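**Student:**
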DNA sequence: CCGTTTTCCGCTCATATGAGCAACTTAGCA
DNA sequence: TGCTAAGTTGCTCATATGAGCGGAAAACGG
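Spelled out as structure tokens, the structure:
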């Protein structure tokens, strides 16, 4: 039947002693000295029993996170890429739209928690950030600055896309703070137009505030159709040329290669947006991006060192770890 | 959707910080000072985060006992009745025979663990103890003493019942130690016969060793048909008379009332068995008994203060706690 | 706006704790 | 039997830890 007991395999008395002590220590929070006296053994023995019980798996610690987060993956991604924190959503096979919604909701909760009255919030114009707006219910009173112009060619199947520049306004409304929107297109035909637009009163006001931003929310785009705000507004020729030059990711209309280096001085890619230097200056940059297909783009952006907090999903997180 | 965040309800960043710290501390065993330095916070904050995470249920400690035991019930029963330990088998609705088999197997494991070469083992003759023999695979070399005579009227549907006095012999064989069986009936017609039998060479040898026994295994019987070795060999009149006098439990042919007091000097109840005083002198008495219907009998015996270790099942344990 | 209450945080100091060590026991083997 | 190797136990001492305190900041009420 049960076979002969193997050496080192503890009997029921030892097992129950270990669970009793474990309960006293881990659940009820008693001190080891106290437990030692109760059980009539030395405190060293208590310590050894506890260590062994933990190492052997008899005592297991579980985390009941009251949010759809994967704490283990979050830890691993954050430490693998040197981030301040990572928020990895639980796996849930769903459409891109649903995923964006969930990422947005999580980012909204995070923002509500992090932002104080002393902060200045910067927002990129992107679908996931717009989705965040929908879930945002409370925010400390603070200025809200738009970090880049808007793209009109974006997929409009989603309700939030209709509101275009209203994102910043809406966040400011929830917050009660001042809004600094950028009324202008994200990608411009030439450098001169970009310069002219930047001198427009409203836009200039926003750009002046980039240096004061304490927390920014950006979206990570992949250099593929439907995966980037910029990609969608360029011509096929430009898309291919940039891809040849190594573009795999996009944040605030800035492109990155797989190593996280910015692709600078691209011809025909003049944008109305904060520079990478502007973004790197911001103490807390929250980047949103999920889906297994976006993992390479996310990895590239993380390697740029720009991101402090990543909000992603389990599918992308696992791919990130695989290539870390 | 998600509603406004309530006060005191932590955001995702705080949640992940708490799980990260919890993993570092509880799983990886890092010190709080170490964690504080890693996260750039004071060690007091680490302690407070951990306390709060534990109290709020974010961090949950589980016990994976590699045996069919209920550690919580075991703890509770042991502390409610002042036992050294209790082994409560997991609930598993089964027949009495199966239950006895499982109790016996658990007792066998316990005995294997507890007995050393310096011990002297005492065994009662009862079905559960016989069942233990079947599962006993290893035992330190030690003398094995039979604590009472045998009953021939016991239910013989079980294989182990056939072996009658062979139980002690078999245990001694597994152990490699000397056997001291009691070849004689448990219940005798009168005092004189009992005295005569006790002077028989083999029986006297066993009785002389009662005082040296360090560990005994006894079975708890209820004063009902089929629930006690003694009950089965008495006539209906005697059974009823003893029940009127308060008998609810039986151990080694000694009867107890609900308060754990022995029913002494019963007419027509002369037995070939260790006395209650003999049993109370033994440093480690392991009592076996299970099934919800036996709970009252078990409680009675525990109240006698005779038992150090109880081996029972969840059904009985819960009833024991209800009346503790 | 000011005063009060509440909450949060990090300090001091007495206590609890763990690493490492040495004495001891047990197991294995010739 | 005697020997060595492996394991177990409790001690010392430097370090880690928690209770309780007080000061600072936030929240509240007038």
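Chains as they are written, first to last, in this note's numbering: chain A, 1462 to 1785; chain B, 1462 to 1785.
Positions of the beta carbon are idealized from the N, C-alpha and C atoms, including for glycine.
These figures come from a predicted structure and were not determined experimentally.
(1) Restricting to Cα atoms, I'd like to know which of A:1603, A:1680, A:1670, A:1507 is closest to residue 1637 of chain A.
(2) Just list the residues that DSSP pairs residue 1680 of chain B with in beta bridges.
(3) Thinking just about the alpha-carbon of each residue, which of A:1785, A:1688, A:1704 is nearest to the one in residue 1557 of chain A?
(4) I need the boundaries of the beta strand (DSSP E) containing residue 1738 of chain A, first residue and last residue.
(5) For a contact defined as C-beta to C-beta under 8 Å, what are the partners of residue 1509 of chain B on chain A?
(6) Quick check on residue 1644 of chain B: does DSSP put it in helix, strand or coil?
(7) Would you list, in chain order, the members of the region 1564-1586 of chain A that have their beta-carbon closer than 7 Å to a beta-carbon of chain B?
(8) What does residue 1546 of chain B touch in chain A if you count any residue whose Cβ is under 8 Å from its own?
(9) Take every Cβ of the region 1757-1777 of chain B, pair it with every Cβ of the region 1531-1546 of chain B, and state whether three or more of those distances are shorter than 8 Å.
(10) If you draw a straight line from the C-alpha of residue 1544 of chain A to the C-alpha of residue 1488 of chain B, how long is it?
(11) For residue 1713 of chain A versus residue 1541 of chain A, is the C-beta spacing smaller than 8 Å?
(12) Which residue from A:1480, A:1718, A:1658 puts its Cα closest to that of residue 1683 of chain A?
(13) Can you tell me which of B:1644, B:1548, B:1499 puts its alpha carbon nearest to the alpha carbon of residue 1477 of chain A?
(14) Rounded to whole angstroms, what is the Cα-Cα separation between residue 1525 of chain A and residue 1550 of chain A?
(15) If the criterion is Cβ atoms closer than 8 Å, does the pair residue 1723 of chain B and residue 1692 of chain B meet it?
(16) Could you give the C-beta distance for residue 1605 of chain A and residue 1679 of chain A, rounded to a whole number, given that I count them as a contact under 8 Å?
(17) Considering residue 1674 of chain B, what are the terminal residues of the beta strand (DSSP E) in which it resides?
(18) Would you say residue 1774 of chain A lies against chain B (beta-carbon separation less than 8 Å)?
(19) What are the boundary residues of the alpha helix (DSSP H) that includes residue 1520 of chain B?
(20) Starting from the beta carbon of residue 1592 of chain A, find every residue of chain B whose beta carbon is closer than 9 Å, and list them in chain order.
(21) What are the partner residues of residue 1711 of chain B, as DSSP defines its beta bridges?
(22) Could you give the distance in angstroms between the alpha-carbon of residue 1779 of chain B and the alpha-carbon of residue 1770 of chain A?
(23) Give every residue of the same chain whose Cβ lies closer than 8 Å to the Cβ of residue 1579 of chain A, excluding the five residues on either side of it in the sequence, and list them in chain order.
(24) Just list the residues that DSSP pairs residue 1547 of chain A with in beta bridges.
(25) Within 8 Å (strictly less), CB to CB, does residue 1542 of chain A reach chain B?
(26) Let me know if residue 1612 of chain A comes out buried or exposed under the rule of 16 or more other beta-carbons within 10 Å of its beta-carbon.
(27) Please say whether residue 1572 of chain B and residue 1600 of chain B have beta carbons closer to each other than 8 Å?
(28) Out of B:1471, B:1581, B:1507, which has the shortest C-alpha to C-alpha gap to residue 1527 of chain A?
(29) Please decide whether residue 1500 of chain A counts as near chain B, where near means a Cβ-Cβ distance under 8 Å.
(30) Using CA atoms only, rank isn't needed, just tell me which of B:1635, B:1749, B:1667 is closest to residue 1608 of chain B.
(31) Below 8 Å, can you find three or more Cβ-Cβ pairs linking the region 1627-1636 of chain A to the region 1592-1599 of chain A?
(32) Measuring only the C-alpha atoms, how far is residue 1759 of chain B from residue 1752 of chain B?
(33) Given that residue 1524 of chain B touches chain A, what residues does it touch there, using C-beta distances under 7 Å?
(34) Would you give the residue range spanned by the alpha helix (DSSP H) that residue 1538 of chain B belongs to?
(35) For a quick check, are the C-beta atoms of residue 1504 of chain A and residue 1497 of chain A less than 8 Å apart?
(36) Using a C-beta cutoff of 8 Å, does residue 1528 of chain A count as contacting chain B?
**Tutor:** Answer, in terms of the structure:
(1) Here residue 1637 of chain A corresponds to residue number 176 of the first chain, with the count starting at 1. Answer by Cα proximity: A:1603.
(2) Your numbering for residue 1680 of chain B matches position 219 in the second chain. Among the bridge pairs identified by DSSP, residue 1680 of chain B is matched with B:1749.
(3) Counted from its first residue, the first chain places residue 1557 of chain A at position 96. Here the closest residue by C-alpha is A:1688.
(4) In the first chain, counting from the first residue as 1, residue 1738 of chain A sits at position 277. Premise fails: residue 1738 of chain A lies in the alpha helix (DSSP H), 1737-1742, not in any beta strand (DSSP E).
(5) For the purposes of this step, residue 1509 of chain B is identified with residue 48 of the second chain, where counting begins at 1. Here the premise fails: no neighbours, minimum Cβ distance about 13 Å.
(6) What you label residue 1644 of chain B is simply residue 183 of the second chain in a count that begins at 1. In the three-state reduction of the DSSP assignment, residue 1644 of chain B falls in the coil class, being assigned neither a helical nor a strand state.
(7) Listed in chain order, the positions of the region 1564-1586 of chain A with a beta carbon within less than 7 Å of a beta carbon of chain B are 1566, 1567, 1570, 1571, 1573, 1574, 1575.
(8) For the purposes of this step, residue 1546 of chain B is identified with residue 85 of the second chain, where counting begins at 1. Near residue 1546 of chain B (Cβ distances below 8 Å), the residues of chain A are 1474, 1477, 1478.
(9) Touching, per the Cβ criterion.
(10) Here the question's residue 1544 of chain A lines up with position 83 in the first chain. Here the question's residue 1488 of chain B lines up with position 27 in the second chain. Cα-Cα distance, rounded: 22 Å.
(11) If you number the first chain from 1, residue 1713 of chain A lands on position 252. If you number the first chain from 1, residue 1541 of chain A lands on position 80. Contact: no.
(12) As a position in the first chain, residue 1683 of chain A is number 222, starting the count at 1. If we check each option's Cα against that of residue 1683 of chain A, A:1718 comes out closest.
(13) The residue labelled residue 1477 of chain A in the question sits at position 16 within the first chain. When each option's Cα is compared against that of residue 1477 of chain A, the closest is B:1548.
(14) By 1-based counting over the first chain, the position of residue 1525 of chain A is 64. By 1-based counting over the first chain, the position of residue 1550 of chain A is 89. If you take the alpha carbons of residue 1525 of chain A and residue 1550 of chain A, they lie about 14 Å apart.
(15) As a working note, residue 1723 of chain B is residue 262 in the second chain. As a working note, residue 1692 of chain B is residue 231 in the second chain. Result no, Cβ atoms of residue 1723 of chain B and residue 1692 of chain B do not sit closer than 8 Å.
(16) Counted from its first residue, the first chain places residue 1605 of chain A at position 144. Counted from its first residue, the first chain places residue 1679 of chain A at position 218. With a Cβ gap of about 14 Å, residue 1605 of chain A and residue 1679 of chain A do not count as contacting.
(17) Stepping through the second chain from its first residue, residue 1674 of chain B is reached at position 213. In the DSSP assignment, residue 1674 of chain B falls outside any beta strand (DSSP E) and carries neither an H nor an E.
(18) To locate residue 1774 of chain A, count along the first chain from 1; it is residue 313. Interface annotation, residue 1774 of chain A: not in contact with chain B, CB-CB separation never under 8 Å.
(19) Position 59 of the second chain holds residue 1520 of chain B. It is not in any alpha helix (DSSP H) - residue 1520 of chain B instead sits in the beta strand (DSSP E) that spans 1520-1524.
(20) The residue given as residue 1592 of chain A occupies position 131 in the first chain. Within 9 Å Cβ-Cβ: nothing; residue 1592 of chain A doesn't reach chain B, min ~12 Å.
(21) Along the second chain, read from residue 1 onward, the residue named residue 1711 of chain B stands at position 250. Answer is B:1682, B:1716, bridged to residue 1711 of chain B.
(22) As a first step, residue 1779 of chain B is located in the second chain; it is residue number 318 there, counting from the start. As a first step, residue 1770 of chain A is located in the first chain; it is residue number 309 there, counting from the start. Looking at the two C-alpha atoms, the distance is approximately 50 Å.
(23) Residue numbering aside, residue 1579 of chain A sits at position 118 when the first chain is read from its first letter. Sequence-distant partners of residue 1579 of chain A (beyond 5 residues in either direction) whose C-beta falls short of 8 Å from its own C-beta, in its chain, are 1603, 1675.
(24) For the purposes of this step, residue 1547 of chain A is taken as residue 86 along the first chain, with counting starting at 1. DSSP output for residue 1547 of chain A lists A:1771 as bridge partner(s).
(25) Numbered from its first residue, the first chain carries residue 1542 of chain A at position 81. Residue 1542 of chain A does not count as touching chain B.
(26) On the first chain, position 151 is the one that residue 1612 of chain A refers to. Counting Cβ neighbours within 10 Å, residue 1612 of chain A comes out buried, since at least 16 surround it.
(27) The residue given as residue 1600 of chain B occupies position 139 in the second chain. The residue given as residue 1572 of chain B occupies position 111 in the second chain. Closer than 8 Å, so yes.
(28) As a first step, residue 1527 of chain A must be located in the first chain, where it is residue number 66. Minimum Cα distance to residue 1527 of chain A is reached at B:1471.
(29) Taking the first chain and counting its residues from 1, one reaches residue 1500 of chain A at position 39. Not closer than 8 Å to any Cβ of chain B, the Cβ of residue 1500 of chain A fails to qualify, so no.
(30) The residue you call residue 1608 of chain B lines up with position 147 of the second chain. Taking only the C-alpha atoms, the option nearest residue 1608 of chain B is B:1667.
(31) With the cut-off at 8 Å, the region 1627-1636 of chain A and the region 1592-1599 of chain A touch.
(32) Residue numbering aside, residue 1759 of chain B sits at position 298 when the second chain is read from its first letter. Residue numbering aside, residue 1752 of chain B sits at position 291 when the second chain is read from its first letter. It is roughly 10 Å from the alpha-carbon of residue 1759 of chain B to the alpha-carbon of residue 1752 of chain B.
(33) For the purposes of this step, residue 1524 of chain B is taken as residue 63 along the second chain, with counting starting at 1. Ordered by position in chain A, the residues that pass the 7 Å Cβ test against residue 1524 of chain B are 1480, 1483, 1519, 1520.
(34) Mapped onto the second chain, residue 1538 of chain B falls at position 77. It spans 1532-1541 - the alpha helix (DSSP H) in which residue 1538 of chain B sits, taken as one unbroken run.
(35) Walking along the first chain from the start, residue 1504 of chain A turns up at place 43. Walking along the first chain from the start, residue 1497 of chain A turns up at place 36. In this structure, residue 1504 of chain A lies near residue 1497 of chain A, with their beta-carbon atoms less than 8 Å apart.
(36) Here residue 1528 of chain A refers to the residue found at position 67 when the first chain is read from its first residue. Yes, residue 1528 of chain A lies at the interface with chain B (some Cβ there is under 8 Å from its Cβ).
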